[in-house]
Structure formats: C-alpha cells, structure tokens
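Trainee: The structure follows.
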Amino acid sequence: MRIALLTDGIHPHIIGGMQMHSFHLAKSFAQNKIYVDLYHPDVSISESEFLSSFSPDEIQYINVLFITFPKFAYFPGHYIYESLSYSRNIFKKYIENEKPDFIYAQGFCGWAFIKERKKGNDKVVPVGVNFHGLNMFQKTFGISNRLTTLLFKNPARYNLRNAECVFSLGGKLTSIISSQTSKITDIID
Numbered sequence: 000m001r002i003a004l005l006t007d008g009i010h011p012h013i014i015g016g017m018q019m020h021s022f023h024l025a026k027s028f029a030q031n032k033i034y035v036d037l038y039h040p041d042v043s044i045s046e047s048e049f050l051s052s053f054s055p056d057e058i059q060y061i062n063v064l065f066i067t068f069p070k071f072a073y074f075p076g077h078y079i080y081e082s083l084s085y086s087r088n089i090f091k092k093y094i095e096n097e098k099p100d101f102i103y104a105q106g107f108c109g110w111a112f113i114k115e116r117k118k119g120n121d122k123v124v125p126v127g128v129n130f131h132g133l134n135m136f137q138k139t140f141g142i143s144n145r146l147t148t149l150l151f152k153n154p155a156r157y158n159l160r161n162a163e164c165v166f167s168l169g170g171k172l173t174s175i176i177s178s179q180t181s182k183i184t185d186i187i188d
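Start counting the sequence shown at 0; every next residue gets the next number (numbering that gives the first Met the number 0).
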C-alpha cells in the first residue's frame with residue numbers, strides 16, 4: 000500500500016501540533032510497511048539530514064518530496080491564498096509520481112486534490128482530510144479573531160464537505176465536523 004501524506008511540515012523541521020502529528024503518522028505508516036510519499040515544504044537541508052529522525056527501517060518506506068511553499072505580500076486572507084497555492088504546487092509534483100492508494104491531507108494541503116477529484120480527474124485517488132482543532136468553527140474573542148475565522152470558514156467547509164473522509168481527533172471536534180459536512184462524508188474518529 001502507498002499513501003500520499005500531504006503536510007505543511009513535520010517535526011522537528013517545522014514546529015507545531017499538526018507537524019508533530021504528521022511526523023508520527025509517517026513513522027507509523029513506515030513501521031507498518033506502508034509506503035509513504037511525504038510531501039513537505041522545501042527546507043534548506045539534504046534529504047538524508049531531513050530523514051535523520053526516522054530509523055533506517057522506516058526510511059525504506061518514506062519518499063520525501065520537497066515542495067515550494069509560496070509567500071505572498073501580506074493582505075487579509077493571504078494565508079488561505081498561500082495554502083491553496085501550496086496545495087497546487089503539491090499537486091503538480093503528485094502527478095509526476097506513482098499514484099498512491101490514498102491521500103491523507105493535513106489542513107488545507109489537499110485543497111487542489113479535492114478540486115481535481117470533483118472535476119473527475121482519475122489521477123486523484125480518494126482524499127481524507129484532517130483539520131485538527133477546527134478553530135474557525137469554535138468560539139472566538141475579539142474582532143480580529145472573528146474576522147480571521149470568517150475568512151477560514153468557507154475554504155475549510157469546502158474541504159470538509161468534498162473529501163471522501165474526514166479524520167477527527169475526537170471529543171467535540173467530531174460534532175463540529177458533523178455539523179459542517181455532508182451526509183456522504185465519512186468521519187473517522
């Protein structure tokens with residue numbers, strides 16, 4: 000089996016909860032002898048240095064593909080635009096490689112894949128997304144935070160509703176996902 004793991008980074012190269020989760024997913028897949036095409040933002044180190052956090056046995060199952068993460072001038076919503084552009088960059092690299100059995104997308108990384116799949120592109124296999132905290136659907140305080148969540152809601156909702164499945168970290172997140180997705184979307188707790 001081969002899984003395309005679409006990330007905006009993994010630990011220890013990029014710090015954050017989603018990045019730590021992506022690191023452990025890649026390790027777990029490799030430990031279970033599942034081939035992983037690990038899509039990661041370009042970093043200024045060699046592939047062997049990048050893979051040094053994995054065991055030699057795990058490395059046999061991990062294929063790292065470095066992708067340019069675009070940076071645009073600041074404007075309201077720039078992160079969403081950058082995320083869509085990054086997803087498109089991942090997609091360009093994806094179609095050059097062996098087709099996996101499944102795509103596991105962290106956050107907005109699968110956005111372009113979901114759009115292509117909706118268009119009927121047969122090169123795109125089923126896509127599952129994990130938005131982790133789903134902050135854009137949770138209570139927030141302050142005008143700035145409220146405006147930010149408004150900008151994120153529709154793109155996140157599009158991804159949640161159009162992916163073949165949505166991964167939940169459990170608890171209240173499952174009910175948030177359920178309230179935002181269509182009935183045909185599977186939620187995996």
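Virtual Cβ for every residue (Gly too), placed ideally from N, Cα, C.
(1) Looking at Ala162: is its Cβ nearer than 8 Å to the Cβ of Gly109?
(2) Starting from Tyr93, follow its DSSP beta bridges and name the residues at the other end.
(3) Examine the Cβ distances between the region 116 to 133 and the region 154 to 173 and report whether three or more of them are shorter than 8 Å.
(4) Leaving aside the five residues before and after Asp41 along the sequence, list all residues of the same chain whose C-beta is less than 8 Å from its C-beta, in chain order.
(5) Expressed to the nearest angstrom, what Euclidean distance is found between the alpha-carbon atoms of Ser21 and Gln179?
(6) Compute the Euclidean distance between the alpha carbons of Asn62 and Gly141, then round it to the nearest angstrom.
(7) Hey, Phe112 and Val123 are a contact pair by Cβ (cut 8 Å); roughly how many whole angstroms apart?
(8) DSSP three-state label for Ile102, please.
(9) Starting from Pro154, trace the alpha helix (DSSP H) both ways and give me its first and last residue.
Mentor: By the coordinates alone:
(1) Position 163 of the sequence shown, counting from 1, holds the residue named residue 162. Position 110 of the sequence shown, counting from 1, holds the residue named residue 109. Taking 8 Å as the Cβ cut-off, Ala162 and Gly109 qualify as a contacting pair.
(2) Position 94 of the sequence shown, counted from the start, is the residue given in the question as residue 93. DSSP lists no partner for Tyr93.
(3) yes
(4) Indexing the sequence shown from 1 puts residue 41 at position 42. Result list for Asp41: Phe65, Ile66, Thr67 and Phe68, in chain order.
(5) Here the question's residue 21 lines up with position 22 in the sequence shown. Here the question's residue 179 lines up with position 180 in the sequence shown. Cα-Cα distance, rounded: 24 Å.
(6) As a working note, residue 62 is residue 63 in the sequence shown. As a working note, residue 141 is residue 142 in the sequence shown. Each residue's alpha carbon lies about 43 Å from the other.
(7) Position 113 of the sequence shown, counting from 1, holds the residue named residue 112. Position 124 of the sequence shown, counting from 1, holds the residue named residue 123. About 5 Å; that satisfies the 8 Å criterion.
(8) Along the sequence shown, one-based indexing puts residue 102 at 103. Reduced to three states, the DSSP call for Ile102 is strand.
(9) Here residue 154 is taken as the residue at index 155 of the sequence shown, counted from 1. Pro154 -> alpha helix (DSSP H) spans Ile142 to Asn161.
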